[in-house]
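Written below as structure tokens is the structure these notes are about.
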Amino acid sequence: MEIEDQGGLSSSFFPFIVVEEDDVCSEIRILETTLEFTDTDSAKQAMEFIHELGWLLRRSKLGVFSLARFKWLIEFSMDREWCAVIRKLLNMFFEGAVGDSSSDAAALSELCLLHRAVRKNSKPMVEMLLRYVVPNQQRIHSLFRPDAAGPAGLTPLHIAAGKDGSEDVLDALTEDPSMVGIEAWRTSRDTTGFTPEDYARLRGHFSYIHLIQRKINKKSATEDHVVVNIPASSISDKEQKETKSCSSVLEITHGNHKLQCKLCDHKLVYGTTRRSVAYRPAMLSMVAIAAVCVCVALLFKSCPEVLYVFQPFRWELLDYGTR
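Here numbering that gives the first Met the number 0 is used: the first residue of the sequence shown is 0, the next is one more, and so on.
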């Protein structure tokens, strides 16, 4: 990147910044349009950033860089949401190019970079910070956590829960690698004792509450599954035994099945010949008529009592024909 000296701001020389990362170069080149207006404050700040970044790149090999100047570079890049530049600056900080990194790590945390990214509602910056890992570190852990307490005990989750239109940022905060964002949604409290969920409820952001609740339900559903590690050798032995037993059982049942089918065929033939006549509708009606006739004959054969007759009435004493 080449900056021409048109207003005497650079002391009659052309600063060059050479960076290996393409994304860092593409973000810094955004200042070219700002530097066209040399008389503005933004152009002066952009020129100062170029010089300070150039000194930092040189001091990484010559000596330490001032922490105050480094903080200014961080703030300038954060205001413009330059994720690649922030990552580059953090790497140089932990490589020892800025003061004493061991003692100034606490000073870096005072910048509250994740809080700033949430306030700017920058999801790419939030995701980059949550996944940032200190280079060449044996124990990998997250430097920026969604439950990190800032001023007044506010965490990034508190800030996102109280802002409008922060669904994307809140979604990124609860998808951190350590998965502490979901737990901190109901457990992290500020100095007044309120949780991020309380902030969302007080501001009427019920969509935030539903979003986190869906994630909690999904997490609990995945935790219900139990994974059992079974050696492959035991599985193969068991499968071989099962195949052998299944083949013998299949052969036995196959032979019995043929014999059983023959018996069933004979029974069905005999059964159909015996029951085919009995279950015909005409035969049933004839049996019913015969039963009625038998009942009537028995009734006529009996001796009914007839009133107002001197002698007992019998069917045999009845005459027939004409008199």
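Note that beta-carbon positions come from the ideal geometry of N, C-alpha and C, so glycine has one too.
(message) Do GLY149 and HIS114 count as a contact pair if the criterion is CB distance below 7 Å?
(response) The Cβ-Cβ distance between HIS114 and GLY149 falls below 7 Å.
(request) Please say whether TRP184 and GLU174 have beta carbons closer to each other than 7 Å? (result) Taking 7 Å as the Cβ cut-off, GLU174 and TRP184 do not qualify as a contacting pair.
(request) Measure the alpha-carbon distance for PHE92 versus LEU72 and round it to whole angstroms. (result) Annotation: PHE92 to LEU72 spans about 12 Å, alpha carbon to alpha carbon.
(request) Excluding the 5 residues preceding and the 5 following TYR198 in the sequence, name in chain order all residues of the same chain whose CB lies nearer than 6 Å to its CB. (result) Closer than 6 Å at Cβ, skipping near neighbours: HIS157, ALA160 and GLY161.
(message) Whole angstroms are fine: how far does the CA of SER219 sit from the CA of GLY180?
(response) For GLY180 and SER219, the distance between alpha carbons rounds to 15 Å.
(message) Would GLY98 and LEU142 qualify as a contact pair, given that the criterion is a beta-carbon distance under 7 Å?
(response) No, Cβ-Cβ distance for GLY98 and LEU142 is not below 7 Å.
(message) In this structure, how does DSSP classify VAL133 when only helix, strand and coil are distinguished?
(response) Secondary structure at VAL133: coil, using DSSP grouped into helix, strand and coil.
(message) Could you check whether VAL23 and ALA96 sit closer than 7 Å to each other, using their CB atoms as the reference points?
(response) Taking 7 Å as the Cβ cut-off, ALA96 and VAL23 do not qualify as a contacting pair.
(message) Measuring straight from C-alpha to C-alpha, what distance separates LEU283 and VAL293?
(response) LEU283 and VAL293: Cα-Cα distance of roughly 16 Å.
(request) Taking 7 Å as the cut-off, decide whether the C-beta atoms of TRP81 and GLU126 are in contact. (result) Note that the C-beta distance between TRP81 and GLU126 is not below 7 Å.
(message) Between which two residues does the alpha helix (DSSP H) holding HIS157 run?
(response) DSSP places HIS157 inside the alpha helix (DSSP H), whose first and last residues are 155–161.
(request) Please state whether DSSP places PHE64 in a helix, a strand or coil. (result) Of the three classes helix, strand and coil, the one that applies to PHE64 here is strand, per DSSP.
(request) Determine the direct distance from the alpha carbon of ALA116 to that of PRO176, and round the result to whole angstroms. (result) Between the alpha carbons of PRO176 and ALA116 lies a distance of about 18 Å.
(request) Determine, using beta carbons only, whether PRO134 and ASN90 come nearer to each other than 7 Å. (result) In this structure, PRO134 lies near ASN90, with their beta-carbon atoms less than 7 Å apart.
(message) Whole angstroms are fine: how far does the CA of GLU74 sit from the CA of ALA171?
(response) Looking at the two C-alpha atoms, the distance is approximately 22 Å.
(request) Consult DSSP for VAL168 and reduce its assignment to one of helix, strand or coil. (result) In the structure shown, VAL168 sits in a helix (DSSP, three-state: H, G or I).
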